[in-house]
Amino acid sequence: LQSNSPQQALILLNDPSFVEAARAFAASLLEEAPAVTDSERIKAAILRTLGREPRPGEVDGLEKFLIGQRATLKGGGDDATAFLKVGQWQADPKLDPLELAAWTQTCRVLLNLHETLTRY
Numbered sequence: 010l011q012s013n014s015p016q017q018a019l020i021l022l023n024d025p026s027f028v029e030a031a032r033a034f035a036a037s038l039l040e041e042a043p044a045v046t047d048s049e050r051i052k053a054a055i056l057r058t059l060g061r062e063p064r065p066g067e068v069d070g071l072e073k074f075l076i077g078q079r080a081t082l083k084g085g086g087d088d089a090t091a092f093l094k095v096g097q098w099q100a101d102p103k104l105d106p107l108e109l110a111a112w113t114q115t116c117r118v119l120l121n122l123h124e125t126l127t128r129y
C-alpha cells in the first residue's frame, strides 16, 4: 500500500474522529441489512468506500480479518466496550457490542486504504 505521508496510517487508525467514523459506518452496515451474510455486507462496504466491485480475494481477506477480530474480542483480547466509547457519536445500544466492534475494526481497514484516500 502507498501512503501520502509516513504518519498517515497511524493517524487514520488511531485518531478518535476516524475511529468514530468507522463505528458509524459499521453501525450503518449492521442496521441497513441485518439478515445478510458477512460476505454480502463486506461487498457493500467495498462498493461504498471504493466505488467499485470487490476484486478477487478482497472479500475473503476482509472476512478472515473480521472473524479474527470477533475471536480477539470474544477472548477478551481487546475491550470492546471501551473501544466503542471513543468519540462522541454512539451507535444504537440494541446492536451487539462485540459485533459492532469487530465491524468497526473492519471498516477502519477499508477507510485506511490508499485507494479510499487518494483518487487519481
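The numbers in the sequence shown follow this note's numbering, run straight up by one, and end at 129. C-beta atoms are modelled at their ideal positions from N, C-alpha and C, and glycine is treated no differently. If you're wondering where the values come from, they're calculated on a predicted model, not measured in any experiment.
Quick check on residue i: buried or exposed, where buried means 16 or more other Cβ atoms within 10 Å of its Cβ?
i	result
residue 10	For residue 10, the predicted model reports a pLDDT of 47, less than 50, meaning its position is unreliable; a value from the coordinates is still stated below. Flag for residue 10 reads exposed.
residue 115	buried
residue 119	buried
residue 91	exposed
residue 19	exposed
residue 54	buried
residue 56	exposed
residue 50	buried
residue 117	buried
residue 121	buried
residue 42	exposed
residue 89	buried
Using only CA atoms, which one of the options lies nearest to residue i?
i	options	result
residue 31	124, 44, 99 and 82	99
residue 77	61, 113 and 123	113
residue 124	85, 72 and 61	61
residue 95	29, 16, 85 and 21	29
Shorter than 7 Å, the distance from the beta carbon of residue i to the closest heavy atom of the ligand FMN, or not?
i	result
residue 49	Although the ligand FMN was asked about, the structure shown includes no ligands whatsoever.
Please check if any C-beta of chain C sits within less than 8 Å of the C-beta of residue i.
i	result
residue 94	The structure shown has no chain C; it contains just one protein chain.
Contiguous beta strand (DSSP E) assignments of at least 3 residues, all confined to the stretch 29-84:
As far as the stretch 29-84 is concerned, it has no whole beta strand (DSSP E) run of at least 3 residues.
Does the contact criterion of 3 or more C-beta pairs under 8 Å hold for the stretch 101-113 versus the stretch 32-43?
A contact exists between the stretch 101-113 and the stretch 32-43.
Could you check whether the stretch 81-92 touches the stretch 63-71, counting it as contact only if at least three pairs of C-beta atoms, one from each stretch, sit closer than 8 Å?
Flag = no, the stretch 81-92 and the stretch 63-71 do not touch.
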